[in-house]
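For the sequence shown, full-length UniProt numbering assigns the number 1 to the initial residue and increments by one for each residue that follows. Reading through the structure tokens given below for one structure.
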Amino acid sequence: MLSFHKIKQQQKSKALEALKIIHSHNILHNDIREENILVNEKGDIYIIDFGMSVVTDKKKLFRQEEFELSRLLNRYM
């Protein structure tokens with residue numbers, strides 16, 4: 001789980017890029033929080049639990065979600 005890790009800028013960048021790829025398919029995760037971010041022993045970050053995700057084309061929501069993820073990850077840098 002994210003709370004047990006210190007992350008680096010490169011990991012944050014990869015996680016944000018992954019979320020942008022998800023958004024490029026018009027999918028909004030809709031539940032970005034600590035419990036839905038996993039880090040494995042190699043330092044790879046995974047966004048999980050798409051149970052609340054929705055299909056949308058509202059770019060403002062995508063930007064807000066990217067900001068939420070960025071802010072969350074900043075707490076662990």
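Glycine included, C-beta positions come from ideal geometry on N, C-alpha and C.
Limits of the unbroken beta strand (DSSP E) element including residue i
i	result
I45	I45 to I47
Range covered by the alpha helix (DSSP H) that runs through residue i
i	result
L2	Unbroken run through L2: none, as it is neither H nor E.
R75	That residue, R75, is in no alpha helix (DSSP H); it is neither H nor E in DSSP.
H29	Run containing H29: none; DSSP gives neither H nor E here.
S24	Q9 to S24
In DSSP terms, what residue i is bridged to
i	result
I37	I47
Residue i versus residue j: straight-line alpha-carbon distance, rounded
i	j	result
E35	L2	7 Å
R71	A18	16 Å
H24	T56	Checking the displayed sequence, the identity of residue 24 turns out to be Ser instead of His. One C-alpha to the other measures close to 10 Å.
Quick check: the segment 6–24 against the segment 45–60, are there 3 or more CB pairs under 8 Å? yes
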